[in-house]
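Everything below concerns the one structure shown next.
Chains as they are written, first to last, in our numbering: chain U, 193 to 455; chain C, 15 to 270.
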């Protein structure tokens with residue numbers, strides 16, 4: 193079998209085994225306990241029955257995730273540039289960025305709701321908070337680890353600080369920025385979900401996937417709950433793929449991580 | 015009437031901070047168009063000497079003048095070729111060559127014309143759109159050289175530019191460098207560890223000694239131009255290589 197075919201066949205076979213085991217486990221349970229583990233078939237049925245609710249909620253969560261992710265990417269980039277320009281500023285702010293990262297968002301979520309209001313605004317802020325840290329840390333790291341020979345070259349050319357930033361430090365930091373972005377992309381849908389779970393609102397837009405999960409859980413609609421979880425997975429997958437595509441687009445011309453082995 | 019030197023060192027000493035003397039009373043003058051090689055044991059301050067001309071570090075005492083100016087004021091007349099190609103990996107060959115002129119505000123059309131000209135000089139005219147990682151080590155070094163030439167410098171400073179290349183590539187690049195030098199008027203300061211390279215390229219070899227770094231002897235190389243692969247086979251060439259090698263060994267023995 194060709195390696196390419198094997199790369200498709202292996203995960204497909206693993207998936208089939210897992211689904212079979214899932215069904216096995218379901219029917220192994222006592223009949224009255226089987227509701228705890230709905231079968232893939234039941235989950236698909238829940239998708240069909242709750243399709244429009246799930247789609248609307250997914251759209252709302254995507255909106256919050258995108259907004260939070262986008263703000264985090266732009267704010268962290270600007271902050272990283274600021275941090276990279278001065279070691280004293282870096283030293284003064286880093287501990288507090290760490291503290292911000294350590295702060296459990298779930299606990300401050302209720303107060304965030306009071307500050308900015310429930311719904312999309314809170315979800316955006318919470319996603320922002322969750323995505324922010326890996327982006328700042330990675331991008332700053334990239335901006336301060338520019339090849340010393342290249343820095344000397346720019347000094348030789350008597351390039352201004354701005355030129356050095358624009359033509360040297362920022363492009364050299366892009367791979368680091370994208371590393372941060374990839375981590376943030378996996379966090380953004382989860383952030384939006386957590387935000388929605390703790391600070392969501394049915395008002396206006398009808399809430400997101402987190403809010404829907406609360407409803408299904410309170411109504412004991414477990415197949416629909418699993419369907420919500422699956423929808424979140426798909427969302428995360430789309431986010432990560434999007435960032436990978438973006439990263440490929442920005443870096444594949446030159447960065448070693450995209451070097452083809454046949455070259 | 016003697017020509018005014020384009021680069022002049024008068025009683026230059028250099029030490030970094032409170033450290034030991036790196037360069038001791040260097041007095042040296044190069045005329046426009048000369049090809050000067052600096053050779054000597056490790057730690058003799060050859061690279062520091064280049065950095066003084068480039069104004070990347072100040073003298074501790076004495077004076078360096080470049081075309082009658084301080085090195086800092088003359089920065090626009092200088093170009094530097096480092097030991098490594100130091101290309102920006104995210105720019106194409108064309109982008110790398112045009113970057114410094116771009117930073118200096120030179121217009122796109124003028125930049126493109128110069129770029130094509132210098133890339134043709136280093137025989138990479140057809141690789142303008144390639145990225146550095148697609149090139150061999152020798153080709154990257156050529157791009158680095160083209161990038162320096164694109165600044166149309168009066169003085170070219172080369173710090174062991176071919177040190178990392180294999181012998182064949184190095185010899186080819188030496189021949190090309192001389193051919194380019196013959197077409198232009200720049201003055202070269204070339205740091206190397208290779209006696210053969212220094213003899214082949216130079217009008218003058220400055221043999222340096224270490225601890226502290228100082229000029230030991232200056233040797234004029236009278237081999238006729240143009241120098242080609244044939245030159246390396248000549249008796250005269252081998253005699254000069256032998257002389258310089260002997261001299262260098264005596265300097266290194268004295269240091270050891």
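Positions of the beta carbon are idealized from the N, C-alpha and C atoms, including for glycine.
For residue i: DSSP bridge partner residues
i: residue 77(C); result: 24(C)
i: residue 386(U); result: Partner(s): none; residue 386(U) has no beta bridge.
i: residue 92(C); result: 169(C)
i: residue 233(C); result: 219(C)
i: residue 106(C); result: The partner list for residue 106(C) (beta bridge, DSSP) is empty, contrary to what the question assumes.
i: residue 49(C); result: 202(C)
i: residue 227(C); result: 37(C)
i: residue 29(C); result: 35(C)
i: residue 43(C); result: 22(C)
i: residue 83(C); result: 80(C)
C-alpha distance - residue i paired with residue j, whole-angstrom precision
i: residue 164(C); j: residue 332(U); result: 33 Å
i: residue 13(C); j: residue 134(C); result: Here chain C comprises residues numbered 15 to 270, so residue 13(C) is not present and cannot be evaluated.
i: residue 200(U); j: residue 206(U); result: 10 Å
i: residue 284(U); j: residue 273(U); result: 15 Å
i: residue 460(U); j: residue 243(U); result: Look at the range of chain U in this structure, 193 to 455, and you will see that residue 460(U) is not part of it.
i: residue 243(C); j: residue 361(U); result: 42 Å
i: residue 289(U); j: residue 202(U); result: 43 Å
i: residue 83(C); j: residue 31(C); result: 25 Å
i: residue 241(C); j: residue 58(C); result: 29 Å
i: residue 194(U); j: residue 425(U); result: 30 Å
i: residue 69(C); j: residue 89(C); result: 7 Å
i: residue 251(C); j: residue 353(U); result: 48 Å
i: residue 79(C); j: residue 105(C); result: 34 Å
i: residue 263(C); j: residue 138(C); result: 38 Å
i: residue 351(U); j: residue 85(C); result: 16 Å
i: residue 335(U); j: residue 150(C); result: 28 Å
i: residue 249(C); j: residue 52(C); result: 23 Å
i: residue 369(U); j: residue 325(U); result: 12 Å
i: residue 11(C); j: residue 367(U); result: The structure shown has nothing for residue 11(C), since chain C only spans 15 to 270.
i: residue 60(C); j: residue 297(U); result: 58 Å
i: residue 216(C); j: residue 287(U); result: 57 Å
i: residue 200(C); j: residue 36(C); result: 27 Å
i: residue 422(U); j: residue 119(C); result: 55 Å
i: residue 234(U); j: residue 429(U); result: 23 Å
i: residue 209(U); j: residue 269(U); result: 44 Å
i: residue 139(U); j: residue 94(C); result: Any question about residue 139(U) goes unanswered here, given that chain U covers just 193 to 455.
i: residue 169(C); j: residue 49(C); result: 10 Å
i: residue 241(U); j: residue 249(U); result: 14 Å
Sequence-distant residues of the same chain with beta carbon closer than 6 Å to residue i, five excluded per side
i: residue 136(C); result: 156, 159 and 160
i: residue 379(U); result: 322 and 323
i: residue 184(C); result: 176
i: residue 239(U); result: 419
Residues of its chain near residue i, where Cβ-Cβ distance is below 7 Å and the 5 sequence neighbours each way are ignored
i: residue 261(C); result: 221 and 231
i: residue 125(C); result: 112, 115 and 116
i: residue 308(U); result: 314 and 317
i: residue 271(U); result: 328
i: residue 177(C); result: 97 and 207
i: residue 305(U); result: 314 and 391
i: residue 211(U); result: 232
i: residue 365(U); result: 331, 334 and 335
i: residue 236(U); result: none
i: residue 448(U); result: none
Nonlocal neighbours in the same chain, by C-beta distance under 8 Å from residue i, ignoring five residues either side
i: residue 266(C); result: 55
i: residue 440(U); result: 450
i: residue 265(U); result: 323, 327, 373 and 376
i: residue 258(C); result: 53, 209, 212, 213, 219, 221 and 233
i: residue 444(U); result: 450
i: residue 130(C); result: 139 and 142
Test: residue i CB closer than 9 Å to a CB of chain B
i: residue 243(C); result: The structure shown has no chain B; the protein chains it does contain are U and C.
Contacting positions in the segment 338-354 of chain U - beta carbon closer than 9 Å to chain C: 339, 341, 342, 344, 345, 346, 347, 348, 349, 350, 351 and 352
Residues in the segment 431-444 of chain U having any Cβ partner in chain C nearer than 7 Å: none
Select from the segment 44-71 of chain C all residues with a C-beta closer than 8 Å to any C-beta belonging to chain U, and list them in chain order. 68 and 70
Give a yes or no on contact between the segment 430-440 of chain U and the segment 19-39 of chain C, applying the rule of three or more CB pairs nearer than 8 Å. no
If the cut-off is 9 Å on Cβ atoms, which residues from the segment 144-157 of chain C count as contacting chain U, listed in chain order? 145, 146, 147 and 148
Short-range partners of chain U found in the segment 166-187 of chain C, where Cβ spacing is below 8 Å: none
Please name the residues in the segment 198-218 of chain U whose beta-carbon is closer than 9 Å to at least one beta-carbon of chain C, in chain order. none
Any contact between the segment 404-415 of chain U and the segment 226-242 of chain U? By contact I mean 3 or more CB pairs, one from each, below 8 Å. yes
Does the segment 381-390 of chain U touch the segment 248-265 of chain U, meaning 3 or more C-beta pairs lie closer than 8 Å? yes
Touch check for the segment 168-176 of chain C and the segment 194-210 of chain C: three-plus C-beta pairs under 8 Å? yes
Of the residues that make up the segment 200-215 of chain C, which ones have a beta carbon closer than 8 Å to any beta carbon in chain U? none
Members of the segment 78-98 of chain C that neighbour chain U once the beta carbon cut-off is set at 9 Å: 86, 89, 90, 92, 93, 94, 96, 97 and 98
Contacting positions in the segment 26-46 of chain C - beta carbon closer than 8 Å to chain U: none
Against chain U, which members of the segment 111-136 of chain C pass a CB distance test of less than 7 Å? 113, 114 and 117
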